[in-house]
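K.L.:
The sequence shown begins at 57 in my numbering and counts up one residue at a time.
Glycine is no exception: its CB is placed at the ideal position from the N, C-alpha and C atoms.
Here's a structure for you.
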Amino acid sequence: MAHRADETFLFETALQALADAGSLPGLSLTKVPQDRLAAGDLAGADIVVFASVPPRLDHQAAALGAVVQRGGRLVFFTNDVPDSGAAGQLWRQGLLAALPERWVAQPTYLEPRPAVGMSLELDSRAAKSLGNYGIDRIALKGHWVCVPAARAECLWRLAGGAPFLYGLAAGPGLSLLVNTSMDGSLGLLAKSPAWVAFCRYLVGRDDAGRQFSFSAEERPVLCVGESAAHGSRTRVAVENCDGGRGMAVVRGNSLFLPAPGGLGWMRTIDEPVVYAGINLPAGETDVRPPAPGVIADAVQRAFLTAPREDAVLARAEPALRQEPFWRYVAWAAILLLLLEAALANRLRR
């Protein structure tokens, strides 16, 4: 992590919290002052985080290129005065996802969720958890108007539509540009409860199984990688969840599947076969307590809580009194004996 002064304190604290919670196993964090960063410091790095675009590069550009070529990740935050010369060099070499050009000092907010349908996928669990922290209610002082690289994608937007997070596939690696500062000088994100989850979103990775799991309301996009590439084809036949056939679009190492036809499995028909699991929409698996009005309506429809004109209510009869049967037999025998005595007396006369 390259830094100047105390810019990285909040970011470092967030990473340490993630490591203590077991979310970033094997974390080894090294801090290097930005003006002392050398190529040797980047030799064994998997993720390189800059508090701002470095003011000079020297031989660092080649070392940064080596990081992404071995599958690493570059993360650049912005400050109020980026160095346009060094940023332009990184942008031209395909190591910077977007080139900051003009600062717009207008308060703004983030969208509640990342953009959908992108070929670049970050930590999806962290992205979903950010909604619980109300990331769309965190104010930023403004944003940079940037020129995106040729193959860059906007992974997250601001409420007005301006890009907040750019992503660029650089070989097998990835470069990210965050349109705010790391130390909170350009907004409240770094000092908000959502900061730890956002840091995990930047540096974390999806579980292998989650990369093939999608909701029924989103378009599945699979990152098949070079080992599962479909040659020079741009379209691949797929079988949908309902058994129907369709075509998937190949863009680089990403496979854009058609809209799901229900729940279940989607798969490519041609070799190599890859699968995508389609699950229930997020709203149908929401475990948050429903509103009291929703509960009352469900109870009213399920149970009869008030008499209605079209309802026939069953009325219970009063309970019957139970007595022993032998009493009636005894009284009958006594009556028969009295009747016999009366008849015998009558006949004697």
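(1) Can you tell me which of Gly240, Gly121, Glu396 puts its alpha carbon nearest to the alpha carbon of Leu146?
(2) Report the CB separation of Arg124 from Leu151 in whole angstroms; it is logged as a contact under 8 Å.
(3) In chain order, what residues of the same chain have a beta carbon less than 8 Å from the beta carbon of Leu392, not counting five sequence neighbours either side?
(4) If you count every other CB in all the chains shown that lies within 10 Å of the CB of Asp91, and 16 or more means buried, which is it?
(5) So, at 6 Å on beta carbons, what are the nonlocal neighbours of Asp102 in its own chain, with the 5 sequence-adjacent residues on each side left out?
(6) Contact check, Phe254 vs Leu186 under 8 Å by CB: the rounded distance?
(7) Within its chain, find whatever has a CB closer than 6 Å to the CB of Ala218; leave out the 5 residues flanking it on each side and keep chain order.
(8) Quick one: what does DSSP say Leu319 is sitting in, helix, strand or coil?
(9) Tell me the DSSP bridge mates of Val131?
(10) Assuming Ala194 contacts Ser248 (C-beta within less than 8 Å), just tell me the rounded distance between them.
(11) Classify Asp239 as buried or exposed, calling it buried when 16 or more other Cβ atoms lie within 10 Å of its own Cβ.
(12) Tell me which residues share the same chain as Pro163 and place their Cβ nearer than 8 Å to its Cβ, disregarding the 5 neighbours each side in the sequence.
(13) Between Ala70 and the rest of its own chain, which residues show a CB-CB distance below 6 Å, the 5 nearest in sequence each way excluded?
(14) Taking the beta strand (DSSP E) that Cys202 belongs to, which residues open and close that run?
(15) I'd like to know if the region 219 to 233 and the region 289 to 300 are in contact, where contact means that at least 3 CB-CB pairs between them fall below 8 Å.
(16) Near Ser269, what residues of its chain come up, given a Cβ to Cβ distance below 7 Å and the 5 sequence neighbours on each side ignored?
(17) Please check if any C-beta of chain C sits within less than 7 Å of the C-beta of Ala73.
(18) Taking DSSP as the reference, what is the three-state secondary structure of Tyr222?
(19) Could you spell out the range, first to last residue, of the alpha helix (DSSP H) harbouring Ala305?
(20) Whole angstroms is fine: what's the gap from Ser175's alpha carbon to Ala154's?
(21) So Leu93 and Pro111 are in contact, right, with Cβ under 8 Å, and what is the actual spacing, rounded?
(22) Given a threshold of 16 other Cβ atoms within 10 Å of its Cβ, counted over all protein chains shown, does Asp136 qualify as buried or as exposed?
(23) With Leu158 as the anchor, note down where its beta strand (DSSP E) starts and where it stops.
(24) Going along the chain, which residues of its own chain have a beta-carbon closer than 7 Å to the beta-carbon of Pro168, five neighbours each way excluded?
(25) Apart from the five residues just before and just after Asp298, which ones in its own chain have a Cβ nearer than 7 Å to its Cβ?
(26) First and last residue of the beta strand (DSSP E) that includes Arg213?
(27) When you compare only the Cα positions, how much space is there between Ala272 and Arg158?
(28) So, helix, strand or coil for Leu71, using DSSP?
(29) Starting from Asn401, trace the alpha helix (DSSP H) both ways and give me its first and last residue.
(30) My output table needs one value for Pro163: the three-state DSSP class, helix, strand or coil.
(31) Can you grab the Cα-Cα spacing for the pair Asp263 / Leu221, in whole Å?
(32) Might you give, ordered along the chain, the residues of its own chain that have their beta carbon closer than 6 Å to the beta carbon of Ala75, omitting 5 neighbours on each side?
(33) Quick one: complete alpha helix (DSSP H) runs, 4+ long, within the region 169 to 197?
(34) By DSSP, does Glu282 sit in helix, in strand, or in coil?
P.N.:
Well, looking at it:
(1) Gly121
(2) This sequence places Val at residue 124; Arg is not what is there. Contact holds; Cβ gap of about 7 Å.
(3) none
(4) exposed
(5) Gly128
(6) 6 Å
(7) His199
(8) coil
(9) Val105, Leu232
(10) With the sequence shown as reference, residue 194 is identified as Ile, and Ala is not the correct amino acid for it. About 5 Å; that satisfies the 8 Å criterion.
(11) buried
(12) Ala195, Leu196, Lys197, Gly198
(13) Trp251, Val252, Cys255
(14) 199 to 204
(15) no
(16) Gly333, Asn335
(17) Judged by its chain identifiers, the structure shown contains no chain C, having just a single protein chain.
(18) strand
(19) The question names Ala, but residue 305 in the sequence shown is Val. It is not in any alpha helix (DSSP H) - Val305 instead sits in the beta strand (DSSP E) that spans 301 to 307.
(20) 17 Å
(21) Contact flag wrong, Cβ pair sits at about 11 Å.
(22) exposed
(23) It is Arg, not Leu, that sits at residue 158 in the sequence shown. Note, Arg158: beta strand (DSSP E), 154 to 160.
(24) Gly187, Ile191, Asp192
(25) Gly317, Gly318
(26) 209 to 213
(27) 39 Å
(28) helix
(29) 382 to 404
(30) coil
(31) Model confidence at Asp263 stands at a pLDDT of 48, short of 50, so the residue's coordinates are unreliable; what they give is reported in the following sentence. Straight-line Cα distance between these residues: approximately 22 Å.
(32) Leu83
(33) 180 to 188
(34) Unreliable positioning characterises Glu282 in this predicted model, as indicated by a pLDDT of 47, which lies under 50. The coordinate reading is nonetheless provided below. Three-state DSSP puts Glu282 in a helix.
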